[in-house]
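Chemist: Could you have a look at this structure, given as structure tokens, before my questions?
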Amino acid sequence: MLECIYNEVSNQLDCKFIGRMDGPHSKTAETELNNKLADLLEKHPDLNVAFNLSEVEYIASVFIRMCLATAKQVKENAFSIISTNPLIKKTFKIAGLEEILNVS
Amino acid sequence: MSDAIQKANEYVQNAVLAEAVFNEIDQESTDRIVEAVYRAALSNRVRLARMAVEETCLGVFEDKVIKNVVASQLVYENIKNEKTVGIISHDELRGVTEFAQPLGPILAVVPITNPTSTVIFKCLIALKTRNPIIISPHRRAAKSSGEAAKICYEAALSAGAPDDCIQWITECSRDLTHGLMSHPKLGLLLATGGPGLVNAAYSSGTPAIGVGAGNVPVFIEKSAEIPFAVRNIITSKSFDNGTVCASEQAVVVEEEIADLAKAEFEKQGCYFMNSDEMKAVEKIIVKPDTDMMNPDIVGQSATFIAEMAKIKIPSETKILMAPQEKVGSDYPFSGEILAPILAFYGGSDFQHALKLCIDLNYRGGIGHTASIYSNDESAISHFAELMNAGRVVVNTPSSQGGVGGIYNTLNTSFTLGCGSGGKNITTENITAKHLINIKKLCRRRDNAKMKSVPAEIYYDEKIDVDEIIKAYNKNS
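Protein chains in written order, with our numbering: chain A, 2 to 105; chain B, 5 to 480.
Right under this line is the structure:
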């Protein structure tokens, strides 16, 4: 079961994912997010995006690619991943993406 | 950046992502993935064997099927209960807990002789240890190796494995292979192939598990049951037309049983060549420009080779026998030939026969495999002591015996370590346990003996070593 909770405040978009971000769930989330981003970036070219993974227990490579694609759409340092559990932090570390994606 | 380097980066980056996701997968899920791959590979054993023979034009279809069965079913049975994720052992007394950690992306080089079975084997042991794997096939077997990899990959994905946990190279090029081999993010090279390839792997700067060349002597000692020994040697050497590196290369017998053994080989369908015929065959088994085995005869039948050499032999001939006296580079039959050709030596007595076996073993096959047929335990031990081999198989077809799991309890493997003799790190049959880093969690366990020694005596140069040893071992 996947849930995505979006919270928009001015030029800040917080995306809280809940559940297993496996391949199919990540693809669903990516479609939804891309639609939202297209609108928001038009309004706020300096949009900041944060992915909250506090309630995510698993991420697939599709989700990691989605993180990379989102980071590319916004300005430098305007993307971050927050509240990861240690296992998922290690996943980003092994992938060599912890710094690029501002993972904490 | 060249296209090859860019492509190498893509393969490795994909594998690194798979490695990252594998980090989140537990033992149960890992085992589910491995089981799915094994079942898919076993289901496709016949189709893959047919593809391999059609594409490479070498080997025997039925034997390729059996190779696929060994690579899937026997390898799976061998590794299925291994712990390869998280805690793998705990010793309360020593205070040591061991954890398995994946090595990282593996580049697996696959030989033309086993283009599908080696893929299945390497995929199973890589997935069991949560390592992503990139298959680098032989250029003349890219289609069948690629298909084997695809079957394994789709099964792995369906069982929840990460994307790109198995990749396979579709455009074989030397630059791409070298780009991959030396990629800084590669964890291991699993190189099964000829000496050139294995040397390139070792020179790449990436940790490598390679194999050595074989030159397996098989000693039929006089206490052996000759018809049994001959039947087993033929079974082994004719299997897939001699493409197994652990297959027998030279038969050594003591003179007193030489005639009996020769008659038995003839009775069971082998053909002893005369000196003219041997000269003709000699010309085609080695390439004069490289002094290496001629790839055109690898995995071909005895009758095909006879036709190439323009000699006439009975159509049902299983193995070409080449009676020899000497061993060395001037005697091509004394070296490794991956085809149904066997050198045949008669030693004047037990000691002479042993010396011939040593010469053959050291003629390019050290660290690999040696074989003996005997019912005399002291002769078996003597032989085993003298051979420089990772495996000495007894009363067993050495092709199947070396691979393990059929006639003995060796790990079932398509990558046979040959120790320092073969320039390898191990003499073992490579399996899942070789593809993990083992982390040791060490709880405090004070060395009581050392604590009982007053530290001052170590600082005082005048104190004799015996006194220090005595203090260390004192019972109080």
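From the three backbone atoms N, C-alpha and C, an ideal C-beta is built for every residue, glycine too.
1) Is there contact here, the region 369-384 of chain B with the region 44-60 of chain B, by at least three beta-carbon pairs under 8 Å?
2) Starting from the N-terminal side, write out each stretch of the alpha helix (DSSP H) that is 4 residues or longer and does not extend beyond the region 215-303 of chain B.
3) Counting only the same chain and skipping the five closest in sequence on each side, list residues whose C-beta sits under 7 Å from that of B:Ala163.
4) Tell me the rounded alpha-carbon separation between B:Trp172 and B:Ser76.
5) Does DSSP classify A:Val57 as helix, strand or coil?
6) Are B:Thr416 and B:Leu131 closer than 8 Å when you measure CB to CB?
7) Is any beta-carbon of chain A found at less than 8 Å from that of B:Pro166?
8) At a CB distance below 7 Å, what residues from the region 10-40 of chain B approach chain A? Give them in sequence order.
9) Is the region 143-158 of chain B touching the region 173-183 of chain B, taking contact as three or more C-beta pairs under 8 Å?
10) By Cβ distance, which residues of its chain are closer than 7 Å to B:Ser6, with the 5 residues on each side in sequence left out?
11) What is the rounded straight-line gap between the Cα of B:Glu471 and the Cα of B:Leu192?
12) Along chain B, which residues have their Cβ under 8 Å away from the Cβ of A:Val63?
13) Just tell me which of B:Leu346, B:Tyr366, B:His386 has its CA closest to the CA of B:His354.
14) Of all the CB atoms in chain B, is at least one closer than 8 Å to the CB of A:Lys17?
15) Whole angstroms is fine: what's the gap from B:Leu128's alpha carbon to B:Glu281's?
16) Is A:Ile101 close to chain B, meaning its C-beta is less than 8 Å from at least one C-beta of that chain?
17) Where does B:Tyr349 fall in DSSP's three states?
18) Quick one: complete beta strand (DSSP E) runs, 3+ long, within the region 56-126 of chain B?
19) Taking just the CA atoms, how far does A:Leu38 sit from B:Asn72?
20) Provide the residue span of the beta strand (DSSP E) that contains B:Leu193, from first to last.
21) Secondary structure at B:Ala326, three-state DSSP: helix, strand or coil?
22) Is there at least one Cβ from chain B nearer than 8 Å to A:Lys90's Cβ?
23) To be precise: take each residue of the region 7-38 of chain A, compare its Cβ to all Cβ atoms of chain B, and keep it if any distance is under 9 Å. Which residues remain?
24) Keeping to the same chain, check which residues put their C-beta closer than 8 Å to that of B:Glu286; ignore five residues upstream and five downstream.
25) Under a Cβ-count criterion, where at least 16 other Cβ atoms within 10 Å of its own Cβ denotes burial, should B:Ala232 be classed as buried or exposed?
26) Give me the DSSP bridge partner(s) of B:Cys446.
27) Could you check the C-alpha separation between B:Val398 and A:Thr92 for me, to the nearest Å?
28) I want to see whether chain B comes within less than 8 Å of A:Ile82, judged by CB atoms only; does it?
29) By the 10 Å Cβ neighbour count, where 16 or more other Cβ atoms means buried, how is B:Glu23 classified, buried or exposed?
30) Taking Cβ to Cβ, would you say B:Ile289 is nearer than 8 Å to B:Val257?
31) So for A:Ile89, helix, strand or coil by DSSP?
32) B:Cys361 and B:Pro221: beta carbons closer than 8 Å?
33) Where does B:Val398 sit, in a helix, a strand or coil, going by DSSP?
34) With H, G and I counted as helix, E and B as strand and the rest as coil, what does DSSP make of B:Asp35?
35) In whole angstroms, give me the CA-to-CA distance for B:Pro141 and B:Ile116.
36) Return the first residue and the last residue of the beta strand (DSSP E) that B:Ile386 is part of.
Modeler: So, from the data block:
1) no
2) 230-242, 259-271, 279-289
3) Here the question's residue 163 of chain B lines up with position 159 in the second sequence. Closer than 7 Å at the Cβ level, and outside the excluded window around B:Ala163, lie Arg36, Ile37, Ala40.
4) As a first step, residue 172 of chain B is located in the second sequence; it is residue number 168 there, counting from the start. As a first step, residue 76 of chain B is located in the second sequence; it is residue number 72 there, counting from the start. Each residue's alpha carbon lies about 18 Å from the other.
5) Walking along the first sequence from the start, residue 57 of chain A turns up at place 56. Note: A:Val57 maps to strand in three-state DSSP.
6) Translated into the one-based positions of the second sequence, residue 416 of chain B becomes position 412. Translated into the one-based positions of the second sequence, residue 131 of chain B becomes position 127. No.
7) Taking the first residue of the second sequence as position 1, residue 166 of chain B is located at position 162. By this cut-off, B:Pro166 is an interface position.
8) Val20, Leu21, Ala22, Glu23, Ala24, Val25, Asn27, Glu28
9) yes
10) Within the second sequence, the letter at position 2 stands for residue 6 of chain B. For B:Ser6, where only same-chain residues beyond five positions count, the Cβ hits under 7 Å are Asp179.
11) Counted from its first residue, the second sequence places residue 471 of chain B at position 467. Counted from its first residue, the second sequence places residue 192 of chain B at position 188. Going by the C-alpha atoms only, they are around 48 Å apart.
12) Residue numbering aside, residue 63 of chain A sits at position 62 when the first sequence is read from its first letter. Per Cβ cutoff of 8 Å: Asp167.
13) Translated into the one-based positions of the second sequence, residue 354 of chain B becomes position 350. The amino acid at residue 354 of chain B is misidentified as His; the sequence shows Phe. Residue B:His386 is the option with its Cα nearest to B:Phe354.
14) In the first sequence, residue 17 of chain A corresponds to position 16, counting from 1. For A:Lys17, the answer is no, since every Cβ of chain B falls outside 8 Å of its Cβ.
15) Numbered from 1 along the second sequence, position 124 holds the residue referred to as residue 128 of chain B. Numbered from 1 along the second sequence, position 277 holds the residue referred to as residue 281 of chain B. In a straight line, the C-alpha of B:Leu128 is about 45 Å away from that of B:Glu281.
16) For this step, residue 101 of chain A is matched to residue 100 along the first sequence. Answer no: the Cβ-Cβ gap between A:Ile101 and chain B never drops below 8 Å.
17) The residue labelled residue 349 of chain B in the question sits at position 345 within the second sequence. If DSSP states are grouped into helix, strand and coil, B:Tyr349 belongs with the strands.
18) 90-95, 100-106, 110-113
19) Within the second sequence, the letter at position 68 stands for residue 72 of chain B. Within the first sequence, the letter at position 37 stands for residue 38 of chain A. The alpha-carbon atoms of B:Asn72 and A:Leu38 are separated by roughly 50 Å.
20) Here residue 193 of chain B refers to the residue found at position 189 when the second sequence is read from its first residue. 192-195 is the span of the beta strand (DSSP E), which, as asked, contains B:Leu193.
21) On the second sequence, residue 326 of chain B is found 322 positions in, with the first residue counted as 1. Strand, per DSSP.
22) What you label residue 90 of chain A is simply residue 89 of the first sequence in a count that begins at 1. Chain B, which has no Cβ nearer than 8 Å to the Cβ of A:Lys90, makes this no.
23) Asp23, Gly24
24) Walking along the second sequence from the start, residue 286 of chain B turns up at place 282. Counting only Cβ-Cβ distances below 8 Å, and skipping sequence neighbours, we find Pro336, Phe337.
25) Within the second sequence, numbered from 1, the residue matching residue 232 of chain B stands at position 228. What sits at residue 232 of chain B in the sequence shown is Phe, not Ala. By the 10 Å Cβ count, B:Phe232 comes out exposed.
26) The count along the second sequence starts at 1 and reaches residue 446 of chain B at position 442. Beta-bridge pairing links B:Cys446 to B:Val100.
27) Taking the first residue of the second sequence as position 1, residue 398 of chain B is located at position 394. Taking the first residue of the first sequence as position 1, residue 92 of chain A is located at position 91. Going by the C-alpha atoms only, they are around 48 Å apart.
28) Here residue 82 of chain A refers to the residue found at position 81 when the first sequence is read from its first residue. Output row for A:Ile82: interface = no.
29) On the second sequence, position 19 is the one that residue 23 of chain B refers to. That one is buried.
30) Here residue 289 of chain B refers to the residue found at position 285 of the second sequence. Here residue 257 of chain B refers to the residue found at position 253 of the second sequence. No, Cβ-Cβ distance for B:Ile289 and B:Val257 is not below 8 Å.
31) Counting from 1 along the first sequence, the entry for residue 89 of chain A is found at position 88. Note: A:Ile89 maps to helix in three-state DSSP.
32) Position 357 of the second sequence, counting from 1, holds the residue named residue 361 of chain B. Position 217 of the second sequence, counting from 1, holds the residue named residue 221 of chain B. Yes; because the gap between Cβ atoms is below 8 Å, this pair is in contact.
33) Within the second sequence, numbered from 1, the residue matching residue 398 of chain B stands at position 394. Strand, per DSSP.
34) Taking the first residue of the second sequence as position 1, residue 35 of chain B is located at position 31. Correct three-state label for B:Asp35: helix.
35) For the purposes of this step, residue 141 of chain B is taken as the residue at position 137 of the second sequence. For the purposes of this step, residue 116 of chain B is taken as the residue at position 112 of the second sequence. So the alpha carbons of these two residues sit roughly 8 Å apart.
36) Walking along the second sequence from the start, residue 386 of chain B turns up at place 382. Going by the sequence as given, residue 386 of chain B is His instead of Ile. Unbroken run through B:His386 is the alpha helix (DSSP H), 381-390; no beta strand (DSSP E).
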